[in-house]
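The sequence shown lines up with residues 2 to 311 when you count with the numbering used here.
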Amino acid sequence: MGFERVVSSVLSLGVTLSTPLAIAGIGEVISERAGVIDLGIDGIMLLGAFIGFHVSLQTGNPYLGYLAGVGVGVLMGLILAVLSVYLKLNQAITGMGLYFLGFGLSDFFYRTIYGEKEVYLPPPTPLSLPVLANIPVIGPPLFQQFDMVYFMYALVPLAWLLINRTKLGLWIRSVGENPKAADAMGVNVSMIQTVSVLVGAGLAGLAGAFLSIGITQVFYENLTYGIGFIAIGLVYFGKWSPVRTFAGALLFGLSWSVAISTQSYFNAIGRPDLVYFLLALPYLIITLALVIVSRQARGPKWLGRPYIRE
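Have a look at this one:
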């Protein structure tokens, strides 16, 4: 019974930690399938995390905080779309500029409004799904979770259906593969890329808001610890598939959960140095997985290239 509780606890934390990664990663899948790389995800997540935290704290409503995070993400995505899609600037440079903008603004706003004091939100209450939450071992960690975890569950199949089974998804894929042919068929390339970027950035802002509202209940400098860049890597790991990207996020979240859950054990046996290795282990696992998968991964042919209509 003790072993079952440990497994259930590790799985529960792993699913929770994988949620912001999966949401941001799936958003990036949509953007990249349209041919636009958003390297500013981490900055968008940071600014979404602060704005979501601030709005939730001021209103007492976490859902308004989530909406604020989405709004910030869409606004940041609009900046990227103007620079990359319409002005045809280098996507890598504009993306990194967006990252530094989000990083700097989030820290500036927090220090300006709250100073050096730490302010906490009340912890959210998990939502339990009847029947499913009673399944032994896996029931509670999967179906007695936070609201955004259930949103993630729904987002994965919805994103897959959008990309593979709808006309909009066909346009997104065609724009990312061959915008010239799509343009010749009457598809508004710039509009499709803009919509894709806005959706991806909005999901990144939501992921950041959940990080501060649902997981940490506090905001501090560099709250994301670079997981926005991990989300980008997961897109390549998942070969631009929402389902595979989700699987990569779950792998990272579970690895991170194991590392966190075993800290107390290594501290107890007098080996605190191993704690730092364990915390780095999830990043190492994803890096090795990317090296293995990257040899077979093939992204959209027009990925990262501005389309200039002749």
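Note that CB positions come from ideal geometry on N, CA and C, so glycine has one too.
key: Inter-residue CB distance, L65 and V56 (contact presumed, cutoff 8 Å)   = 5 Å
key: Close-in-space but distant-in-sequence residues of the same chain around I309 (CB under 8 Å, 5 per side omitted)   = K89
ask   = Any idea what DSSP makes of V86, helix, strand or coil?
value = helix
inquiry  = Using only CA atoms, which one of G300, L280 and I216 lies nearest to G234?
reply    = G300
inquiry  = Considering Cα atoms alone, identify which of L68, F104, A183 and T20 is closest to G248.
reply    = This sequence places Ala at residue 248; Gly is not what is there. Residue T20 is the option with its Cα nearest to A248.
message = Alpha carbons only, please: which of G215, V276 and R306 is nearest the one belonging to F152?
response = G215
task = Report the residue from V176, V196, T113 and L128 whose alpha carbon sits nearest the alpha carbon of G187.
result = Of V176, V196, T113 and L128, the residue nearest in Cα terms is V176.
key: Straight-line gap, A69 to I261 (C-alpha atoms, nearest Å)   = 30 Å
ask   = DSSP state of P307, grouped into three classes?
value = coil
ask   = For G271, does the count of other Cβ atoms within 10 angstroms reach 16, so buried, or fall short, so exposed?
value = Around the C-beta of G271, fewer than 16 other C-beta atoms lie within 10 Å, and the residue is accordingly described as exposed.
Per-residue DSSP class, three states only, for L130 = coil
Cβ neighbour criterion (16 or more within 10 Å) applied to Q297 = Burial check for Q297: the Cβ neighbour count within 10 Å stays below 16, so the residue is exposed.
ask   = So is V7 buried or exposed if we call it buried at 16+ other beta carbons inside 10 Å?
value = Per the 10 Å Cβ criterion, exposed.
query = Between the C-alpha atoms of L169 and S242, what's the straight-line distance to the nearest angstrom?
reply = 16 Å
Three CB pairs or more closer than 8 Å across the stretch 208-224 and the stretch 20-30 = yes
query = CA-CA distance, G305 and G36?
reply = 6 Å
inquiry  = Contact between the stretch 37-55 and the stretch 271-290 is defined here as three or more beta-carbon pairs at a separation below 8 Å; is this criterion met?
reply    = no
Where the alpha helix (DSSP H) through W172 begins and ends = K168 to E178
Between the CA atoms of L171 and N223 - distance to the nearest angstrom = 37 Å
inquiry  = Taking the alpha-carbon of T263 as reference, which of L252, F253 and Y277 has the nearest alpha-carbon?
reply    = The shortest C-alpha to C-alpha distance from T263 to any of L252, F253 and Y277 is the one to Y277.
Cα-Cα separation between K302 and G203, rounded to whole angstroms = 24 Å
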